[in-house]
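Read through the structure below, which is laid out as C-alpha coordinates, and then see the notes.
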Amino acid sequence: MHLFAKATTQFTLELYRQLRDSEDNIFYSPLSIMTALAMLQLGAKGNTEKQIEKVFMEDIKKYYQANVESLDFAHAAEESQKKINSWVENKTNKIKDLFPRGSLNSSTILVLVNAVYFKGQWNHKFDEQRTREDKFWLNKNTSKPVQMMRQTNEFNFIFLEDVQAKMVEIPYKGKELSMFILLPMEIDGLKKLEEKLSADTLLAWTSPKNMRMTQLNLSLPRFKVQEKYDLPGPLEHMGMVDAFNPQKADFSGMSSTKGLVVSKVLHKSFLEVNEEGAEAAAATGVETRILSAPRTTEFTCNRPFIVFIKPNNTNSILFFGRVSSP
(Lines of atoms letter the chains of each structure in order from A and count residues from 1; the text may use other names and numbers.)
(Lines give C-alpha, C1' and ligand atoms only; values in the text may rest on other atoms or scores of the structure.)
Protein backbone atom coordinates (compact mmCIF):
# COMPACT_ATOMS: atom_id res chain seq x y z
CA MET A 1 0.00 0.00 0.00
CA HIS A 2 2.86 2.38 0.79
CA LEU A 3 4.39 1.95 -2.69
CA PHE A 4 0.97 2.45 -4.30
CA ALA A 5 0.37 5.58 -2.19
CA LYS A 6 3.76 6.97 -3.16
CA ALA A 7 3.15 6.25 -6.86
CA THR A 8 -0.26 7.93 -6.85
CA THR A 9 1.08 10.92 -4.90
CA GLN A 10 3.97 11.27 -7.37
CA PHE A 11 1.48 11.28 -10.24
CA THR A 12 -0.63 13.90 -8.43
CA LEU A 13 2.31 16.25 -7.90
CA GLU A 14 3.85 15.72 -11.34
CA LEU A 15 0.56 16.70 -12.95
CA TYR A 16 0.35 19.67 -10.57
CA ARG A 17 3.79 20.78 -11.79
CA GLN A 18 2.48 20.72 -15.35
CA LEU A 19 -0.57 22.82 -14.48
CA ARG A 20 0.82 25.38 -12.03
CA ASP A 21 2.57 27.81 -14.42
CA SER A 22 -0.26 30.34 -14.30
CA GLU A 23 -1.47 32.19 -11.21
CA ASP A 24 -4.97 30.72 -11.56
CA ASN A 25 -6.88 28.38 -9.31
CA ILE A 26 -6.11 24.70 -9.90
CA PHE A 27 -8.39 21.79 -9.08
CA TYR A 28 -8.46 18.25 -10.45
CA SER A 29 -9.07 14.66 -9.45
CA PRO A 30 -5.98 12.44 -9.70
CA LEU A 31 -8.30 9.51 -8.99
CA SER A 32 -10.48 10.32 -11.98
CA ILE A 33 -7.54 10.86 -14.34
CA MET A 34 -5.63 7.77 -13.18
CA THR A 35 -8.76 5.66 -13.56
CA ALA A 36 -9.20 6.86 -17.14
CA LEU A 37 -5.54 6.09 -17.89
CA ALA A 38 -5.83 2.67 -16.23
CA MET A 39 -8.81 1.89 -18.45
CA LEU A 40 -6.69 2.84 -21.43
CA GLN A 41 -3.77 0.72 -20.23
CA LEU A 42 -6.00 -2.36 -20.05
CA GLY A 43 -6.49 -2.12 -23.80
CA ALA A 44 -2.91 -1.20 -24.66
CA LYS A 45 -1.36 -4.60 -24.07
CA GLY A 46 -0.81 -5.51 -27.66
CA ASN A 47 -3.39 -8.27 -27.79
CA THR A 48 -5.59 -8.21 -30.86
CA GLU A 49 -7.99 -11.10 -30.47
CA LYS A 50 -11.66 -10.55 -29.87
CA GLN A 51 -11.52 -12.67 -26.74
CA ILE A 52 -9.18 -10.06 -25.26
CA GLU A 53 -11.61 -7.36 -26.33
CA LYS A 54 -14.26 -9.18 -24.30
CA VAL A 55 -11.88 -9.48 -21.32
CA PHE A 56 -11.14 -5.76 -21.65
CA MET A 57 -14.82 -4.91 -21.38
CA GLU A 58 -15.32 -7.20 -18.39
CA ASP A 59 -12.21 -5.91 -16.62
CA ILE A 60 -13.08 -2.30 -17.20
CA LYS A 61 -16.54 -2.76 -15.66
CA LYS A 62 -15.21 -4.84 -12.77
CA TYR A 63 -12.37 -2.58 -11.70
CA TYR A 64 -13.41 0.89 -12.80
CA GLN A 65 -17.24 0.83 -12.83
CA ALA A 66 -17.09 2.12 -16.39
CA ASN A 67 -18.57 1.19 -19.75
CA VAL A 68 -17.12 0.79 -23.22
CA GLU A 69 -19.44 2.08 -25.88
CA SER A 70 -19.17 2.55 -29.62
CA LEU A 71 -20.39 5.93 -30.84
CA ASP A 72 -20.63 7.20 -34.40
CA PHE A 73 -18.36 10.24 -34.39
CA ALA A 74 -18.17 10.25 -38.19
CA HIS A 75 -21.89 10.64 -38.86
CA ALA A 76 -23.36 11.67 -35.52
CA ALA A 77 -20.70 13.66 -33.67
CA GLU A 78 -23.17 16.03 -32.01
CA GLU A 79 -25.39 13.17 -30.80
CA SER A 80 -22.30 11.41 -29.43
CA GLN A 81 -21.20 14.58 -27.64
CA LYS A 82 -24.65 14.95 -26.04
CA LYS A 83 -24.64 11.30 -24.93
CA ILE A 84 -21.20 11.59 -23.27
CA ASN A 85 -22.10 14.90 -21.58
CA SER A 86 -25.35 13.43 -20.29
CA TRP A 87 -23.50 10.44 -18.80
CA VAL A 88 -21.00 12.72 -17.02
CA GLU A 89 -23.71 15.02 -15.69
CA ASN A 90 -25.70 12.06 -14.34
CA LYS A 91 -22.61 10.64 -12.63
CA THR A 92 -21.49 13.88 -10.99
CA ASN A 93 -24.64 16.01 -10.57
CA LYS A 94 -22.45 19.05 -11.21
CA ILE A 95 -20.26 18.73 -14.30
CA LYS A 96 -22.12 19.99 -17.35
CA ASP A 97 -20.94 20.14 -20.95
CA LEU A 98 -17.62 18.36 -20.45
CA PHE A 99 -17.33 18.28 -24.25
CA PRO A 100 -18.57 21.62 -25.66
CA ARG A 101 -20.36 21.76 -28.98
CA GLY A 102 -17.99 21.14 -31.87
CA SER A 103 -15.27 19.50 -29.77
CA LEU A 104 -16.08 16.06 -31.20
CA ASN A 105 -16.15 15.59 -34.96
CA SER A 106 -15.59 13.04 -37.72
CA SER A 107 -11.86 12.82 -36.93
CA THR A 108 -12.52 11.77 -33.32
CA ILE A 109 -11.52 8.12 -32.77
CA LEU A 110 -11.09 7.33 -29.07
CA VAL A 111 -12.38 9.46 -26.19
CA LEU A 112 -11.56 8.84 -22.51
CA VAL A 113 -14.36 9.78 -20.15
CA ASN A 114 -14.43 9.26 -16.40
CA ALA A 115 -16.38 10.98 -13.64
CA VAL A 116 -16.22 11.15 -9.86
CA TYR A 117 -18.42 13.04 -7.42
CA PHE A 118 -18.06 13.78 -3.72
CA LYS A 119 -20.21 15.64 -1.23
CA GLY A 120 -19.42 15.66 2.47
CA GLN A 121 -20.52 17.40 5.65
CA TRP A 122 -17.90 18.64 8.10
CA ASN A 123 -17.53 16.62 11.26
CA HIS A 124 -17.80 20.01 13.00
CA LYS A 125 -19.79 22.49 10.94
CA PHE A 126 -18.98 26.18 10.83
CA ASP A 127 -21.53 28.44 12.50
CA GLU A 128 -23.00 30.72 9.82
CA GLN A 129 -23.49 33.46 12.41
CA ARG A 130 -19.70 33.71 12.79
CA THR A 131 -19.13 34.12 9.03
CA ARG A 132 -18.33 37.69 8.03
CA GLU A 133 -16.58 39.62 5.28
CA ASP A 134 -12.81 39.69 5.43
CA LYS A 135 -9.84 40.26 3.13
CA PHE A 136 -8.17 37.53 1.09
CA TRP A 137 -4.72 38.62 -0.11
CA LEU A 138 -4.05 37.64 -3.74
CA ASN A 139 -0.53 39.05 -3.35
CA LYS A 140 1.22 41.56 -1.09
CA ASN A 141 -0.49 44.51 -2.76
CA THR A 142 -3.93 43.23 -3.78
CA SER A 143 -6.80 41.81 -1.76
CA LYS A 144 -10.42 40.89 -2.44
CA PRO A 145 -13.41 40.59 -0.09
CA VAL A 146 -14.50 37.06 0.88
CA GLN A 147 -17.00 35.53 3.27
CA MET A 148 -14.71 34.12 5.97
CA MET A 149 -16.05 31.18 7.97
CA ARG A 150 -14.79 30.66 11.52
CA GLN A 151 -14.74 28.02 14.20
CA THR A 152 -12.65 27.16 17.26
CA ASN A 153 -12.03 23.46 17.69
CA GLU A 154 -9.45 20.72 17.89
CA PHE A 155 -7.90 19.62 14.61
CA ASN A 156 -4.93 17.59 13.49
CA PHE A 157 -2.26 20.21 12.80
CA ILE A 158 1.41 20.41 11.85
CA PHE A 159 3.81 23.35 11.67
CA LEU A 160 6.37 22.88 8.91
CA GLU A 161 9.25 25.09 9.96
CA ASP A 162 11.61 23.98 7.19
CA VAL A 163 9.22 25.22 4.47
CA GLN A 164 7.58 27.99 6.52
CA ALA A 165 4.08 26.59 6.24
CA LYS A 166 1.41 24.90 8.33
CA MET A 167 -1.27 22.34 7.59
CA VAL A 168 -4.63 21.43 9.07
CA GLU A 169 -6.80 18.35 8.58
CA ILE A 170 -10.55 19.12 8.53
CA PRO A 171 -12.45 15.83 8.80
CA TYR A 172 -15.80 15.08 7.26
CA LYS A 173 -18.68 13.45 9.10
CA GLY A 174 -17.84 9.82 9.76
CA LYS A 175 -14.13 10.68 9.70
CA GLU A 176 -13.48 8.50 6.66
CA LEU A 177 -12.40 11.47 4.52
CA SER A 178 -10.64 14.74 5.28
CA MET A 179 -9.78 17.97 3.57
CA PHE A 180 -6.22 19.19 4.12
CA ILE A 181 -5.25 22.85 3.85
CA LEU A 182 -1.54 23.56 3.29
CA LEU A 183 -0.97 27.23 4.07
CA PRO A 184 2.29 29.20 3.60
CA MET A 185 3.23 31.56 6.42
CA GLU A 186 3.80 34.48 4.03
CA ILE A 187 1.28 36.01 1.62
CA ASP A 188 3.61 35.34 -1.33
CA GLY A 189 5.02 32.06 0.04
CA LEU A 190 3.08 29.62 -2.11
CA LYS A 191 5.59 29.36 -4.98
CA LYS A 192 8.42 28.55 -2.60
CA LEU A 193 6.22 25.95 -0.91
CA GLU A 194 5.31 24.40 -4.26
CA GLU A 195 8.99 23.93 -5.06
CA LYS A 196 9.41 21.87 -1.89
CA LEU A 197 6.47 19.57 -2.60
CA SER A 198 7.33 15.93 -3.27
CA ALA A 199 5.62 12.59 -2.69
CA ASP A 200 7.90 11.86 0.27
CA THR A 201 7.34 15.22 1.95
CA LEU A 202 3.56 15.20 1.45
CA LEU A 203 3.23 11.64 2.76
CA ALA A 204 5.38 12.54 5.77
CA TRP A 205 3.46 15.75 6.51
CA THR A 206 0.07 14.01 6.44
CA SER A 207 1.21 11.03 8.50
CA PRO A 208 -0.77 10.65 11.76
CA LYS A 209 2.60 10.22 13.48
CA ASN A 210 3.57 13.79 12.61
CA MET A 211 0.29 15.69 13.02
CA ARG A 212 -0.90 16.66 16.50
CA MET A 213 -4.33 17.48 17.88
CA THR A 214 -4.28 21.24 18.43
CA GLN A 215 -6.85 23.83 19.48
CA LEU A 216 -7.25 26.11 16.45
CA ASN A 217 -9.05 29.31 15.62
CA LEU A 218 -9.75 28.22 12.05
CA SER A 219 -10.75 30.80 9.45
CA LEU A 220 -11.56 29.49 5.97
CA PRO A 221 -13.20 31.41 3.12
CA ARG A 222 -16.29 30.12 1.42
CA PHE A 223 -15.16 29.32 -2.08
CA LYS A 224 -16.11 27.65 -5.31
CA VAL A 225 -13.67 26.59 -8.03
CA GLN A 226 -14.46 24.99 -11.38
CA GLU A 227 -11.64 24.12 -13.73
CA LYS A 228 -11.29 22.41 -17.10
CA TYR A 229 -8.13 20.94 -18.62
CA ASP A 230 -7.18 19.51 -21.98
CA LEU A 231 -4.70 16.90 -20.79
CA PRO A 232 -2.79 15.58 -23.84
CA GLY A 233 -0.16 18.35 -23.50
CA PRO A 234 0.56 17.77 -19.79
CA LEU A 235 0.47 13.99 -20.22
CA GLU A 236 2.90 14.16 -23.14
CA HIS A 237 5.29 16.21 -21.01
CA MET A 238 5.01 13.50 -18.36
CA GLY A 239 6.15 10.90 -20.91
CA MET A 240 2.88 9.57 -22.33
CA VAL A 241 3.60 10.34 -25.99
CA ASP A 242 2.70 7.35 -28.16
CA ALA A 243 -0.99 7.26 -27.19
CA PHE A 244 -1.59 10.50 -29.11
CA ASN A 245 0.59 9.59 -32.12
CA PRO A 246 -1.22 7.79 -34.99
CA GLN A 247 2.06 6.22 -36.14
CA LYS A 248 2.98 4.83 -32.71
CA ALA A 249 -0.24 4.22 -30.76
CA ASP A 250 -0.97 0.53 -30.17
CA PHE A 251 -4.34 -0.26 -28.65
CA SER A 252 -4.65 -3.68 -30.19
CA GLY A 253 -5.68 -5.10 -26.84
CA MET A 254 -8.80 -2.95 -27.01
CA SER A 255 -9.82 -3.34 -30.64
CA SER A 256 -8.62 -5.00 -33.81
CA THR A 257 -9.28 -1.72 -35.63
CA LYS A 258 -6.02 -0.28 -36.93
CA GLY A 259 -5.07 3.34 -36.37
CA LEU A 260 -6.72 3.64 -32.96
CA VAL A 261 -5.36 6.74 -31.22
CA VAL A 262 -6.50 8.88 -28.27
CA SER A 263 -8.31 11.93 -29.58
CA LYS A 264 -9.40 13.70 -26.39
CA VAL A 265 -8.59 13.66 -22.68
CA LEU A 266 -10.69 16.42 -21.15
CA HIS A 267 -10.92 16.82 -17.40
CA LYS A 268 -13.39 19.12 -15.67
CA SER A 269 -13.58 19.51 -11.90
CA PHE A 270 -15.65 21.36 -9.34
CA LEU A 271 -15.27 22.18 -5.64
CA GLU A 272 -17.56 24.18 -3.38
CA VAL A 273 -16.77 24.76 0.31
CA ASN A 274 -19.23 26.31 2.77
CA GLU A 275 -20.30 26.11 6.41
CA GLU A 276 -21.96 22.72 5.95
CA GLY A 277 -19.08 21.00 4.22
CA ALA A 278 -17.70 20.50 0.75
CA GLU A 279 -19.02 19.35 -2.56
CA ALA A 280 -16.58 18.14 -5.18
CA ALA A 281 -16.95 16.58 -8.57
CA ALA A 282 -14.58 15.68 -11.36
CA ALA A 283 -14.78 14.08 -14.70
CA THR A 284 -11.23 13.02 -14.13
CA GLY A 285 -12.88 16.80 13.25
CA VAL A 286 -12.04 14.93 16.27
CA GLU A 287 -14.39 15.09 19.23
CA THR A 288 -13.83 18.27 21.21
CA ARG A 289 -12.36 17.70 24.64
CA ILE A 290 -12.60 20.13 27.52
CA LEU A 291 -9.12 21.47 28.18
CA SER A 292 -8.00 23.69 30.98
CA ALA A 293 -6.69 26.98 29.63
CA PRO A 294 -5.95 25.62 26.12
CA ARG A 295 -3.32 27.26 24.00
CA THR A 296 -5.12 28.25 20.80
CA THR A 297 -3.30 28.54 17.47
CA GLU A 298 -4.50 30.83 14.68
CA PHE A 299 -5.02 29.24 11.26
CA THR A 300 -6.30 31.95 8.93
CA CYS A 301 -6.63 31.09 5.24
CA ASN A 302 -6.49 34.67 3.95
CA ARG A 303 -3.85 34.04 1.26
CA PRO A 304 -3.30 31.47 -1.53
CA PHE A 305 -3.18 27.89 -0.28
CA ILE A 306 -3.08 24.27 -1.42
CA VAL A 307 -6.12 22.06 -0.78
CA PHE A 308 -6.62 18.32 -1.16
CA ILE A 309 -9.10 15.64 -0.13
CA LYS A 310 -8.14 12.09 0.72
CA PRO A 311 -9.48 9.04 2.59
CA ASN A 312 -8.08 8.57 6.08
CA ASN A 313 -7.36 4.88 5.58
CA THR A 314 -5.16 5.41 2.51
CA ASN A 315 -2.85 8.07 1.14
CA SER A 316 -4.44 8.11 -2.31
CA ILE A 317 -5.52 11.67 -3.12
CA LEU A 318 -9.05 12.06 -4.50
CA PHE A 319 -8.87 15.78 -5.29
CA PHE A 320 -5.94 18.20 -5.35
CA GLY A 321 -5.58 21.86 -6.15
CA ARG A 322 -4.67 25.42 -5.34
CA VAL A 323 -6.92 28.30 -4.31
CA SER A 324 -5.31 31.51 -5.55
CA SER A 325 -8.54 33.52 -5.66
CA PRO A 326 -11.63 32.16 -3.88
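Here this note's numbering = 1-based position in the sequence shown + 983. Beta carbons: idealized from backbone N, C-alpha and C, even for Gly.
In this chain, the alpha helix (DSSP H) harbouring aspartate 1183 covers 1182 to 1188.
The beta carbon of proline 1215 lies closer than 6 Å to those of Phe1227, Val1248 in the same chain, with the five residues before and after it left out. Rounded to whole angstroms, the gap between the alpha carbons of glutamate 1116 and glutamate 1177 is 28 Å. When DSSP reads this structure, valine 1146 sits in no beta bridge, so it has no partner.
Taking the Cα positions, asparagine 1193 is about 7 Å away from isoleucine 1141. Three or more Cβ pairs closer than 8 Å define a contact, and the region 1207 to 1223 falls short of that threshold against the region 1291 to 1299.
DSSP, reduced to helix, strand and coil, places leucine 1014 within a helical segment of the structure shown. Around phenylalanine 1282, the same chain offers Val1151, Leu1199, Leu1201 as residues with beta carbons nearer than 6 Å, after the five sequence neighbours per side are excluded. In this structure, DSSP gives glutamine 1209 an extended state, which the three-state scheme calls strand. Between histidine 1250 and tyrosine 1011, the beta carbon gap of about 6 Å places them in contact (Cβ cut-off 8 Å). In this structure, asparagine 1008 sits away from valine 1245, with a CB-CB distance that is not shorter than 7 Å.
Rounded to whole angstroms, the gap between the alpha carbons of leucine 1173 and leucine 1166 is 8 Å.
Annotated as distal: tryptophan 1105 and glycine 1304, with beta-carbon spacing of 7 Å or more. In the structure shown, threonine 1135 adopts extended strand secondary structure according to DSSP, grouped into three states. Rounded to whole angstroms, the separation of the alpha carbons of lysine 1108 and glutamate 1137 is 13 Å. Residue nearest to aspartate 1110 within the set Thr1135, Leu1014, Thr1125, Ser1299 is Thr1135 (criterion: CA-CA distance).
For glutamate 1219, the enclosing alpha helix (DSSP H) starts and ends at 1215 to 1220. In the displayed model, glutamine 1230 falls within coil according to three-state DSSP, outside both helix and strand. Leucine 1301: not part of any alpha helix (DSSP H); DSSP gives it neither H nor E. The continuous alpha helix (DSSP H) containing leucine 1173 extends over residues 1173 to 1179.
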